[in-house]
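Participant:
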Amino acid sequence: MIKNEHSVRNIKKIPFLQPLSPKDLEDIIASSHLRNCSKGRALFSMGQTATHFFSIQEGWMKLYRTSNNGEEVIIHIFGPGESFAEAAVFSDHQTYPVHAQAVEDTVLIEIPRSIFIHKIETDSRFAINILGAIAARQHLLVQQLEHLMIRSAPQRVGAFLLRFCQKVKDSDTTWVVNLPYEKSIISLRLNIKPETFSRAVTKLSECGVYIENNKILISDLKKLANYCDLTDKEIPCS
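Numbering (my numbering), first residue to last: 758 to 995.
1) Drop a sphere of 10 angstroms on the beta-carbon of Thr930, count the other beta-carbons inside from all chains shown, and report buried for 16 or more, exposed for fewer.
2) Could you pull the DSSP bridge partners for Val966 from this structure?
3) Here's the rule I'm using: 16 or more other beta-carbon atoms within 10 Å means buried, otherwise exposed. How should Ala957 be labelled?
4) At the level of alpha carbons, what is the spacing between His875 and Ala884?
5) Can you round the beta-carbon distance between Ile866 and Asn767 to whole angstroms, since I take them to be within the 8 Å contact cut?
6) Among Ser802, Met758, Thr808 and Asn948, which one has its Cα closest to the Cα of Gln901?
7) Mind checking Met818: buried by the 16 CB within 10 Å criterion, or exposed?
8) Using the Cα positions of Gln775 and Glu963, report the straight-line distance between them to the nearest angstrom.
9) Closer than 8 Å by C-beta to Val765: which residues in its own chain qualify, once you throw out the five before and the five after it? Chain order, please.
10) Could you give the distance in angstroms between the alpha-carbon of Val914 and the alpha-carbon of Glu878?
11) Using a threshold of 8 Å, state whether the C-beta atoms of Val966 and Leu918 are closer than that.
12) Mind checking whether Cys985 and Gln895 have CB atoms under 8 Å apart?
13) Along the chain, which unbroken stretches of the alpha helix (DSSP H) at least 4 residues long are found entirely within the stretch 768 to 829?
14) For Glu839, which of Phe810, Phe921, Glu991 and Leu905 has the nearest alpha-carbon?
15) So, for Pro937: in the same chain, excluding its five sequence neighbours on each side, which residues have a beta-carbon less than 7 Å away from its beta-carbon?
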């Protein structure tokens with residue numbers, strides 16, 4: 758059972774759990790547990806029985822498959838506040854369709870399948886919320902695939918930098934990028950080679966991206982967003 762107040766708040770923030778009654782949420786919290794997963798450690802493997810789905814409290818997890826020639830293909834990388842493996846838990850196959858591995862030391866909340874099956878069988882509204890969450894995740898993955906196919910390497914890198922930038926203290930015109938994990942993982946995530954990432958950052962100097970004291974900085978969010986074909990709503994740090 759989870760007793761940590763921060764973890765309880767995180768469970769309550771999971772989108773498809775929010776409509777549940779306080780009693781139902783308490784039941785889920787009572788059945789959930791915290792799990793630590795050190796950097797590089799596997800959480801589950803493709804084909805393994807899907808007994809839980811997960812919400813990330815700290816750190817980052819990558820979901821990936823391995824191609825026939827042994828290359829790693831990243832499906833998605835999830836971070837704090839995000840949940841994953843819902844679809845696997847509720848599918849007929851009841852197995853995970855991908856591998857999951859921590860790219861940084863990660864703390865997860867693991868929530869058992871059994872309690873959700875009971876909820877689906879007794880609460881049609883909850884079942885609809887689950888379907889909505891899975892549909893939203895599928896839409897996100899389709900959008901991600903479209904971006905990989907349509908955008909150039911510099912555009913992909915630029916969009917990624919915008920996702921993780923924060924305004925520099927005491928400055929109204931400069932933002933700093935806090936890379937969430939290693940550049941090698943970012944490159945896999947964006948389907949580019951590691952050396953291409955560095956070249957892309959150099960190319961983005963035309964849009965106000967520059968490096969200072971080993972930090973990536975942005976001086977013109979709007980210009981970079983326009984180059985990456987992003988709307989104002991798609992700029993998290995604006």
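Backbone N, C-alpha and C define an ideal beta-carbon position, used for all residues, glycine too.
Facilitator: A quick look at the data gives this:
1) Thr930 counts as exposed, since fewer than 16 other beta carbons sit within 10 angstroms of its beta carbon.
2) In the DSSP secondary-structure assignment, Val966 is bridged to Ile975.
3) Ala957 should be labelled buried.
4) Cα-Cα distance, rounded: 10 Å.
5) Confirmed, about 6 Å.
6) Gln901 has its Cα closest to that of Asn948, out of Ser802, Met758, Thr808 and Asn948.
7) Flag for Met818 reads buried.
8) Spanning the two alpha carbons is a distance of roughly 44 Å.
9) These residues qualify, in order along the chain: Ile759 and Ile786.
10) A straight-line Cα-Cα distance of about 44 Å links Val914 and Glu878.
11) Their beta carbons are under 8 Å apart, which means Val966 touches Leu918 by this criterion.
12) Going by C-beta atoms, Cys985 is not nearer than 8 Å to Gln895.
13) Contiguous alpha helix (DSSP H) elements confined to the stretch 768 to 829 occur at 779 to 788, taking only those with 4 or more residues.
14) The residue with the shortest Cα to Cα distance from Glu839 is Phe810.
15) Counting only Cβ-Cβ distances below 7 Å, and skipping sequence neighbours, we find Trp817, Gly836 and Phe921.
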